[in-house]
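Asks: Before I ask anything, let me first share the structure, which is written out below as structure tokens.
Number of protein chains: 2
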Amino acid sequence: MTPVSSLDIVACTVEERELAMLARTAGQRTRELPWEVLDPLAPLERSALRIARSVLGEAPAWVAQLGAYGDRASHPSKCALSVAFVVIAPAGTRAPAGMAWVPLAGDSKLPARQRTMAADVTAMLRVRMHTAPIAFRLLPARFTLSELQRMYELLLERPLHKASFRRTLQASALVEATEEWRSEGRGRPAQLYRYAPRSEANARRSLTFDFLG
Amino acid sequence: MTPVSSLDIVACTVEERELAMLARTAGQRTRELPWEVLDPLAPLERSALRIARSVLGEAPAWVAQLGAYGDRASHPSKCALSVAFVVIAPAGTRAPAGMAWVPLAGDSKLPARQRTMAADVTAMLRVRMHTAPIAFRLLPARFTLSELQRMYELLLERPLHKASFRRTLQASALVEATEEWRSEGRGRPAQLYRYAPRSEANARRSLTFDFLG
DNA sequence: TCAATAGTGTCTGTTAGACATTATGGA
DNA sequence: TCCATAATGTCTAACAGACACTATTGA
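Those sequence lines, one after another, are chains V and A.
As numbered in this note's numbering, residues 19 to 231 make up the first sequence, in order.
As numbered in this note's numbering, residues 19 to 231 make up the second sequence, in order.
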């Protein structure tokens, strides 16, 4: 009998200035997201964390459920139902042997159901980034404000204004300057910051109608 | 053998100025969300729509997957895994025989796993309302701007400024005035509007950091 | 006439974005 | 020295929220 359902992991990071996911390079032209047959006794998120840790070699920086996928689209497990989780690994995390970071956008050569999952991840991260520290989890613990801004621009897919970005960030009380500076190529060195949210008021004042249909 | 997994429906509406969900009033002190054993051959959303239609007697105004729930918490089906969907019925929809609208907040007397689902719905609607017409789907086709504002205040759990709300709404090009007016008790009659999004630019300009940890 | 609600015009403080300028390193 | 990047100050247009006012009904 075919297994009941699978648990799939879309592990995301940033590679060469675009979002990428971890995929097994199974054959010549087929790839596959890491998955396991679902353990019916363990909580879903615990299982997701365990699988992610075993694949990445370390605990991911963030975990969230993407959703359940149950169309008839093909899946390597032959399961009728798959539960997908998104996990985040900081930029610079190495892909383990037999796996590679592949761009989240574009032809991923995944089985149909996993392709659907991958297609949903970008939208999910873009929504969640406003209420969860996605951009910070995609960065290493120490980062420059320019790196943070580039991460936001990557997720939002639009350029941001530098002075305005820093002003808003300052007001949000989410980062803390360190004493370290980093010099990259030419130009003035940048101060390193770390994510250190101070629980001050951060209430959204304005109302947005961000939809059309 | 116990069934593989269940598909649960959290059907939401607004009753007496608060969010409510449709529950079977099984026994004296137990309630239950509508659910069915999952059909492994049908797409999940199609199944959710079918169940919602059979329960409500009509098609819901909005559907979205809430997520998969797979802890060991109790569920009437004894399934190890449940996939939950949120559907919306406009205010005024009657509860069918044997069911009732019960407040989404507060002690719902549901089985543990379904209580978890219900607890997640409010947060989900509050996030999604910024990118989907949740408030409009919770209203009948024709509504006054005061009713719309009260719906937004209910979802956001904070008061909104009337003139500002209408200005922002006007700019969003989401509603269209009808020729009808409605008089309720004293006071000047209100013009009725309908949801008619015109696909004009509606880009979010400002960046928000709406999280703390 | 009064009370209650709908709807609108004006003012003001806040802020996002534009622009310009200084600061500081490497080539 | 020139160039590239970091970091910051100032200006302005846009806008959210406050306030006040008019409009229109039922009691």
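Quick reminder that beta carbons are idealized off the backbone N, C-alpha and C, glycines included.
#1: For a test of the three-state rule: what should DSSP assign to V/Ala-41, helix, strand or coil?
#2: Using 8 angstroms as the limit for Cβ to Cβ distance, is V/Thr-12 near chain A?
#3: Taking the alpha-carbon of A/Glu-50 as reference, which of A/Met-117, A/Ala-91 and A/Pro-158 has the nearest alpha-carbon?
#4: Helix or strand or just coil, what does DSSP make of V/Met-117?
#5: State the Cα-Cα distance for the pair A/Ile-232 and A/Ala-137, rounded to the nearest angstrom.
#6: Which residues, taken in chain order from the stretch 81 to 109 of chain V, show a beta carbon closer than 7 angstroms to some beta carbon of chain A?
#7: Figure out for me which residue from A/Arg-212, A/Leu-40, A/Leu-166 and A/Lys-127 has the closest Cα to the Cα of A/Gln-46.
#8: Would you kindly work out how many angstroms separate the C-alpha atoms of V/Val-177 and V/Glu-202, rounded to a whole number?
#9: Measuring straight from C-alpha to C-alpha, what distance separates V/Cys-30 and V/Glu-63?
#10: Which residues, in chain order, does the stretch 148 to 167 of chain V contribute to contact with chain A at a C-beta distance below 9 angstroms?
#11: Identify, in the order they occur along the chain, each residue of the same chain with its Cβ nearer than 7 angstroms to the Cβ of A/Met-147, setting aside the five sequence neighbours on each side.
#12: Near A/Leu-143, which residues of its chain fall below 8 angstroms by C-beta distance, leaving aside the five closest residues on each side in sequence?
#13: Taking CB distances under 8 angstroms as the criterion, tell me whether A/Val-145 reaches chain V.
#14: For V/Ser-24, decide whether its Cβ has a neighbour in chain A, counting only Cβ atoms nearer than 8 angstroms.
#15: Which residues does DSSP list as the beta-bridge partners of V/Leu-210?
#16: Which full runs of the beta strand (DSSP E) of 3+ residues lie inside the stretch 62 to 116 of chain V, going along the chain?
#17: Any beta carbon of chain V sitting closer than 8 angstroms to that of A/Thr-186?
#18: Given this structure, state the Cα-to-Cα distance separating V/Phe-161 from V/Ala-189, to the nearest angstrom.
#19: Where does A/Glu-165 land, buried or exposed, given buried means 16+ other C-beta within 10 angstroms?
#20: For V/Leu-128, return the contacting residues in chain A, with the cut-off set at a CB-CB distance below 9 angstroms.
#21: Closest to V/Gly-85 by C-alpha separation, out of A/Glu-76, A/Ala-70, A/Ser-92 and A/Ala-102, would be which residue?
#22: Is V/Met-19 helix, strand or coil when you go by DSSP?
#23: What are the residues in the stretch 62 to 73 of chain A lying within 7 angstroms of chain V by C-beta distance?
#24: For chain A, check one thing: does any of its Cβ atoms lie closer than 8 angstroms to the Cβ of V/Leu-192?
#25: Measure the C-alpha to C-alpha separation of A/Pro-94 and A/Ala-141 and round it to an integer number of angstroms.
#26: From A/Ala-98 to V/Glu-33, what does the alpha carbon distance come to, in whole angstroms?
#27: Under 8 angstroms between C-beta atoms, does V/Leu-173 make it to chain A?
#28: Give the interface partners of A/Pro-58 over in chain V, defined as CB-CB distance under 8 angstroms, in chain order.
#29: Compute the Euclidean distance between the alpha carbons of A/Arg-184 and A/Val-145, then round it to the nearest angstrom.
#30: Among V/Asp-57, V/Val-73, V/Ile-69 and V/Ser-100, which residue has its Cα nearest to the Cα of V/Thr-134?
#31: Quick one, are the C-beta atoms of V/Gly-205 and A/Pro-61 less than 8 angstroms apart?
#32: Hey, would you say A/Ala-109 sits closer than 8 angstroms to A/Leu-156, going by beta carbons?
#33: Can you name the start and end residues of the alpha helix (DSSP H) that A/Arg-49 belongs to?
Replies: This is what the structure gives:
#1: If DSSP states are grouped into helix, strand and coil, V/Ala-41 belongs with the strands.
#2: There is simply no residue 12 of chain V to check, as chain V begins at 19 and stops at 231 in what is shown.
#3: Checking every option, the nearest Cα to that of A/Glu-50 belongs to A/Met-117.
#4: Strand at V/Met-117.
#5: There is simply no residue 232 of chain A to check, as chain A begins at 19 and stops at 231 in what is shown.
#6: Per Cβ criterion, the list reads Gln-83, Gly-85, Ala-86, Gly-88, Asp-89, Arg-90, Ala-98, Leu-99 and Val-101.
#7: Measuring C-alpha to C-alpha distances from A/Gln-46 to each of A/Arg-212, A/Leu-40, A/Leu-166 and A/Lys-127 identifies A/Lys-127 as the nearest.
#8: In the sequence on display, residue 177 of chain V carries Pro and not Val. The alpha-carbon of V/Pro-177 is positioned some 22 angstroms away from that of V/Glu-202.
#9: Rounded to whole angstroms, V/Cys-30 to V/Glu-63 spans 16 angstroms at the Cα level.
#10: Closer than 9 angstroms at the C-beta level to chain A, one finds these residues of the stretch 148 to 167 of chain V: His-148, Thr-149, Ala-150 and Pro-151.
#11: Exclusion of the five residues before and after A/Met-147 leaves Ala-153 and Leu-173 as the residues of its chain whose Cβ lies within less than 7 angstroms of its Cβ.
#12: Its chain contains Cys-30, Leu-37, Val-104, Ile-152 and Leu-173 as the residues whose beta carbon lies nearer than 8 angstroms to that of A/Leu-143, once the 5 sequence neighbours on both sides are disregarded; these appear in chain order.
#13: It does: the Cβ of A/Val-145 has a partner Cβ on chain V nearer than 8 angstroms.
#14: Output row for V/Ser-24: interface = no.
#15: The partner list for V/Leu-210 (beta bridge, DSSP) reads V/Thr-162.
#16: Here the runs fully enclosed are 80 to 87 and 99 to 106.
#17: At a cut-off of 8 angstroms between C-beta atoms, A/Thr-186 counts as an interface residue with respect to chain V.
#18: Distance between the alpha carbons of V/Phe-161 and V/Ala-189 is about 18 angstroms.
#19: Burial is judged here by how many other beta carbons sit within 10 angstroms of a residue's own beta carbon; A/Glu-165 has at least 16 and is buried.
#20: Neighbours of V/Leu-128 on chain A: none; closest Cβ ~19 angstroms, over 9 angstroms.
#21: It is A/Ala-102 whose Cα lies nearest to the Cα of V/Gly-85.
#22: Model confidence at V/Met-19 stands at a pLDDT of 48, short of 50, so the residue's coordinates are unreliable; what they give is reported in the following sentence. Coil.
#23: Residues are counted here when their Cβ sits less than 7 angstroms from a Cβ of chain V; for the stretch 62 to 73 of chain A these are Leu-62, given in chain order.
#24: For V/Leu-192, the closest Cβ of chain A is nearer than 8 angstroms.
#25: Near 24 angstroms, if we compare the C-alpha coordinates of A/Ala-141 and A/Pro-94.
#26: Their backbone Cα atoms lie some 37 angstroms apart in a straight line.
#27: By this cut-off, V/Leu-173 is not an interface position.
#28: Those within 8 angstroms of A/Pro-58 in chain V are Gly-88, Ala-98 and Leu-99.
#29: Approximately 21 angstroms between the Cα atoms of the pair.
#30: The shortest C-alpha to C-alpha distance from V/Thr-134 to any of V/Asp-57, V/Val-73, V/Ile-69 and V/Ser-100 is the one to V/Ser-100.
#31: Taking the C-beta atoms as reference points, A/Pro-61 is found no nearer than 8 angstroms to V/Gly-205.
#32: Cβ atoms of A/Ala-109 and A/Leu-156: closer than 8 angstroms.
#33: Looking at the DSSP string, A/Arg-49 is not in any alpha helix (DSSP H), and its letter there is neither H nor E.
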